[in-house]
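Peer 1: Could you have a look at this structure, given as structure tokens, before my questions?
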Amino acid sequence: MLVSGGNVAHFVCFLAARAAKADWDVRTCVGRGAGRRLCVYGSAEMHTWIQKAADMSGLGIDAIRWIPIGADLRMDVDALRQQIVSDTAAGDLPFLVVGTAGSVSTGVVDQLRDISAVCKEHGVWFHVDGAYGGFAATLPQAPDDLRALSLADSVAVDPHKWLYAPLEACCALVRDVEALRATCGYHSPYYHFSQHALNYVDLGPEASPRFVMCLLTCARQSASPPRKPTWMRSIARWWIDCSAEARRSSRICYSTVVMSGARAS
Ligand SMILES: Cc1ncc(COP(=O)(O)O)c(C=O)c1O
15 MLVSGGNVAH FVCFLAARAA KADWDVRTCV GRGAGRRLCV YGSAEMHTWI
65 QKAADMSGLG IDAIRWIPIG ADLRMDVDAL RQQIVSDTAA GDLPFLVVGT
115 AGSVSTGVVD QLRDISAVCK EHGVWFHVDG AYGGFAATLP QAPDDLRALS
165 LADSVAVDPH KWLYAPLEAC CALVRDVEAL RATCGYHSPY YHFSQHALNY
215 VDLGPEASPR FVMCLLTCAR QSASPPRKPT WMRSIARWWI DCSAEARRSS
265 RICYSTVVMS GARAS
């Protein structure tokens with residue numbers, strides 16, 4: 015689905031995950047079924063879209079389990095597994111894990127392959143925030159952790175970041191189209207289109223979307239074809255090097271944390 019920005023793309027994926035994983039009707043009983051509460055997991059480095067999604071979906075931000083990060087600033091996958099096990103034992107329903115492919119403050123990539131394995135083990139939807147770094151997964155020098163976003167149930171990528179598409183152009187990629195339909199498909203008499211056609215009104219929150227594809231096409235046409243791949247590769251190389259350095263260097267981590275205001279002392 016092409017939508018207006020990362021926040022909206024993530025929200026669409028969040029709702030699709032909820033529809034797919036809750037074993038009760040979330041349209042009538044939002045956050046709990048038979049006393050079980052839906053829980054969502056992600057690292058302390060996650061973008062604020064997660065709070066908005068938890069709040070606006072009606073689950074509430076206390077449904078978010080903030081998984082600690084290690085010294086390398088990536089989600090601690092053992093802590094994730096333990097939290098899922100303990101929530102399940104308490105009778106709650108873990109429905110969504112968010113892995114980050116390029117965090118806001120340092121650009122680090124979570125161990126997406128290992129996170130995917132935990133999700134498979136526990137039957138949880140695996141979503142990747144690729145708003146910033148997702149496109150770099152297509153490049154030859156992309157590290158394995160980044161390429162592992164191909165294992166996700168859903169990914170959000172932002173052409174209006176690295177691809178320099180004009181605002182607002184973002185894309186939600188969801189493997190199971192039926193999860194989107196279960197979230198957004200409503201059939202009133204005035205929207206009674208053919209069931210066999212692909213009607214985007216059934217798959218996303220908007221009935222009157224902007225023509226985002228036009229923005230993407232213009233951006234592609236305005237980029238010089240022979241230069242663009244080299245340019246994108248060199249930015250990708252720079253980013254991969256910087257995020258590896260950020261993981262190694264306490265100085266870089268410290269200054270970034272102070273800049274983001276998260277832990278100023
Ligand atoms: C990692 C990450 N996720 C999500 C977002 C939200 O994207 P948007 O600003 O397009 O809503 C951003 C934007 O800065 C981001 O860097």
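Just remember that the working numbering sits 14 ahead of the position in the sequence shown, which is counted from 1.
We put the CB at the ideal spot given by N, CA and C, even for glycine.
(1) Does the segment 133-146 touch the segment 83-92, meaning 3 or more C-beta pairs lie closer than 8 angstroms?
(2) With respect to the beta strand (DSSP E) encompassing residue 112, which residues constitute its N-terminal and C-terminal limits?
(3) Look up residue 277 in the DSSP assignment and say whether it is helix, strand or coil.
(4) Using beta-carbon positions only, say whether residue 55 and residue 126 come within less than 8 angstroms of one another.
(5) For residue 18, which residues of its own chain have a beta-carbon under 6 angstroms away from its beta-carbon, when the five flanking residues on both sides are left out?
(6) Can you tell me the Cα-Cα spacing of residue 30 and residue 224, whole angstroms?
(7) Tell me which residues share the same chain as residue 105 and place their Cβ nearer than 6 angstroms to its Cβ, disregarding the 5 neighbours each side in the sequence.
(8) Counting only runs that start and end within the segment 67-94, where is the beta strand (DSSP E) found for 3 or more residues in a row?
(9) To which residues of the same chain is residue 269 closer than 8 angstroms at the C-beta, ignoring the five residues directly before and after it?
(10) Here's the rule: buried if 16 or more other CB atoms are within 10 angstroms of the residue's CB, otherwise exposed. What is residue 173?
(11) Could I get the ranges of all uninterrupted alpha helix (DSSP H) runs contained in the segment 18-46, with 4 residues as the minimum, in chain order?
(12) Report buried or exposed for residue 58, applying the criterion of at least 16 other Cβ atoms within 10 angstroms of its Cβ.
(13) Quick check on residue 32: buried or exposed, where buried means 16 or more other Cβ atoms within 10 Å of its Cβ?
(14) Please look up how many angstroms separate the CB atoms of residue 26 and residue 186, rounded, as I've assumed it's under 8 angstroms.
(15) What do you get for residue 64, buried or exposed, if any count of 16 or more other CB atoms within 10 angstroms of its CB means buried?
(16) What's the call for residue 121, buried or exposed, on a 16-neighbour Cβ count within 10 Å?
(17) Using only the alpha-carbon positions, how far apart do residue 38 and residue 139 sit?
(18) Relative to ligand 1, is the shortest distance from any of its heavy atoms to the C-beta of residue 143 smaller than 7 angstroms?
(19) Taking the alpha carbon of residue 197 as the point to measure from, which residue in 217, 188, 211 has its own alpha carbon closest?
(20) Would you say the beta carbon of residue 184 is closer than 7 angstroms to some non-hydrogen atom of ligand 1?
(21) Below 8 angstroms on the Cβ atoms is my guess for residue 168 versus residue 189; work out the distance and round it to an integer in Å.
(22) If you drop the 5 nearest sequence neighbours on each side, which residues of the same chain put their C-beta closer than 6 angstroms to that of residue 194?
(23) Checking 8 angstroms against the spacing of the C-beta atoms, do residue 52 and residue 23 come in under that value?
(24) Less than 7 angstroms separating the Cβ of residue 116 from some heavy atom of ligand 1?
(25) Tell me whether residue 69 is buried or exposed, calling it buried when 16 or more other Cβ atoms sit within 10 Å of its Cβ.
(26) Have a look at residue 123 and residue 86 and give me their C-alpha separation to the nearest angstrom.
(27) For a quick check, are the C-beta atoms of residue 230 and residue 179 less than 8 angstroms apart?
Peer 2: In short:
(1) The segment 83-92 vs the segment 133-146: no contact.
(2) Segment 107-114, the beta strand (DSSP E) holding residue 112.
(3) The predicted model places residue 277 with a pLDDT of 34, which falls under 50 and marks its position as unreliable; any figure quoted below should be read in that light. Coil, per DSSP.
(4) No.
(5) Cβ contact annotation for residue 18 (same chain, cutoff 6 angstroms, sequence separation greater than five): 182, in chain order.
(6) Here the C-alpha atom of residue 30 lies approximately 21 angstroms from the C-alpha atom of residue 224.
(7) Cβ neighbours of residue 105 beyond the five flanking positions: 50.
(8) If one requires a minimum length of 3 residues, the beta strand (DSSP E) runs lying completely within the segment 67-94 are 78-81, in chain order.
(9) Reliability fails at residue 269, whose pLDDT of 38 lies under 50, so the model's placement of it is uncertain and the value that follows must be treated cautiously. The beta carbon of residue 269 sits closer than 8 angstroms to no other beta carbon from its chain once the five residues preceding and following it are set aside.
(10) Residue burial is scored here from C-beta neighbours: residue 173 has at least 16 other C-beta atoms within 10 angstroms and is therefore classed as buried.
(11) Inside the segment 18-46, DSSP marks whole alpha helix (DSSP H) runs of 4 or more residues at positions 20-35, from first to last along the chain.
(12) Counting other Cβ atoms within 10 Å of its Cβ, residue 58 stays below 16 and is therefore classed as exposed.
(13) Classification of residue 32: buried, given that the 10 Å Cβ count is 16 or more.
(14) With a Cβ gap of about 5 angstroms, residue 26 and residue 186 count as contacting.
(15) The residue is buried, with at least 16 neighbouring Cβ atoms inside 10 Å.
(16) Under a 10 Å Cβ-count criterion, residue 121 is classified as buried, with 16 or more other Cβ atoms of the shown protein chains found around its own Cβ.
(17) For residue 38 and residue 139, the distance between alpha carbons rounds to 16 angstroms.
(18) Result yes, Cβ under 7 angstroms from ligand 1.
(19) The candidate whose alpha carbon is nearest that of residue 197 is 217.
(20) Relative to ligand 1, the nearest heavy atom lies less than 7 angstroms away from the CB of residue 184.
(21) Contact between residue 168 and residue 189 holds, with the beta-carbon distance rounding to 7 angstroms and staying under 8 angstroms.
(22) Contacts found: 30, 188, 217.
(23) The answer is no: Cβ separation not under 8 angstroms.
(24) Between ligand 1 and residue 116, a heavy atom-to-CB distance of less than 7 angstroms is present.
(25) Residue 69 comes out exposed.
(26) Going by the C-alpha atoms only, they are around 10 angstroms apart.
(27) Between residue 230 and residue 179, the CB-CB gap stays under 8 angstroms.
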